[in-house]
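Notes follow the structure.
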Amino acid sequence: MQKMRKNIAILIILNLAIFGLYYYLLVDIRRSNIDTSSKLAQINLETMKKEQLQSVKILMDETKIQRDKVANLFVQQDGSVGFIEMVESLGGTTGVKLNIESVGIGVSKAKIGSSTESIQLVVKTEGAWADVMHLLSMLESLPFKVSFDSVVLNKLSEASSPTPSMTAKKSLSYWNGSFGFSVLKIKNTSQILQK
29 MQKMRKNIAI LIILNLAIFG LYYYLLVDIR RSNIDTSSKL AQINLETMKK
79 EQLQSVKILM DETKIQRDKV ANLFVQQDGS VGFIEMVESL GGTTGVKLNI
129 ESVGIGVSKA KIGSSTESIQ LVVKTEGAWA DVMHLLSMLE SLPFKVSFDS
179 VVLNKLSEAS SPTPSMTAKK SLSYWNGSFG FSVLKIKNTS QILQK
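Read left to right, the sequence shown gives residues 29 to 223 (my numbering).
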């Protein structure tokens, strides 16, 4: 009986040692599993970031032409003088006497944000009705976002032809006009790139 008790005690001790070893292995495996899962999650996160970055680069390449078209709707940061010269040249193109009466810079009313401002111009014109209308049409179709604030036209006179052969033809009316308009201008390119 004594021997049996001794054997049972040894078996209990051996079972406890085996269970302790199993418990230690189970805890170690669980800790290793958590570490592995954490590292796998980090690897997946880095992979996703890399794929997103690659996707953004591809999108940037694919949309370059469209982004350039949109950027060209605005007078560029250093393009104010060139824009004013272009407006002045329209007078010669249309055969109208054109004088830029005022130029101003204002806050943009568009919902584009603080990276834009507006160039505001008031243009005085004199010329034949068709020529003044042609100038107005050309101002409207400038390759920028043009917003007219005011358009005033006044008839000055009927110009009769000095030669008798031309007198039979319809006489031309002479008009003056005042056009107030604004275009959007990019204030600071670096601000846009940071957004």
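Ideal placement from N, C-alpha and C gives every residue a C-beta, glycine not left out.
Predicted model only: the values in this text are computed from it and were never measured.
Have a look at the options and flag the residue whose alpha-carbon is nearest the alpha-carbon of residue i.
i	options	result
residue 131	124, 123, 116, 43	116
residue 158	120, 200, 80	200
residue 123	170, 42, 162	162
residue 213	32, 178, 180, 174	174
residue 133	114, 127, 109	109
Is DSSP giving residue i helix, strand or coil here?
i	result
residue 100	coil
residue 119	helix
residue 169	coil
residue 143	coil
residue 33	helix
residue 215	coil
residue 153	strand
residue 80	helix
residue 124	coil
residue 105	coil
How close, in whole Å, do the beta carbons of residue i and residue j come, if the pair is a contact with beta carbons under 8 Å?
i	j	result
residue 209	residue 149	6 Å
residue 215	residue 70	Contact doesn't hold; Cβ gap of about 41 Å is too wide.
residue 172	residue 211	4 Å
residue 111	residue 147	7 Å
residue 167	residue 207	6 Å
residue 154	residue 125	4 Å
By how many angstroms is the C-alpha of residue j removed from the C-alpha of residue i?
i	j	result
residue 67	residue 74	11 Å
residue 152	residue 144	26 Å
residue 92	residue 86	10 Å
residue 164	residue 96	26 Å
residue 77	residue 98	28 Å
residue 185	residue 127	20 Å
residue 46	residue 58	18 Å
residue 81	residue 62	28 Å
residue 178	residue 72	59 Å
residue 193	residue 113	The pLDDT assigned to residue 193 is 44, lower than 50, so where the model puts this residue is not dependable; a value taken from the coordinates is nonetheless given after this. Approximately 39 Å, taken between the alpha carbons.
residue 48	residue 84	53 Å
residue 35	residue 54	28 Å
residue 44	residue 50	10 Å
residue 88	residue 60	42 Å
residue 52	residue 38	21 Å
Give me, in chain order, the residues of the same chain whose beta-carbon lies closer than 8 Å to that of residue i; leave out the 5 immediate sequence neighbours on both sides.
i	result
residue 182	203, 204, 205
residue 29	none
residue 107	213
Leaving out the 5 sequence neighbours to the left and right, which residues in its chain are closer than 6 Å to residue i when beta-carbon positions are compared?
i	result
residue 129	150, 152
residue 56	none
residue 156	200
Leaving aside the five residues before and after residue i along the sequence, list all residues of the same chain whose C-beta is less than 7 Å from its C-beta, in chain order.
i	result
residue 180	205, 206
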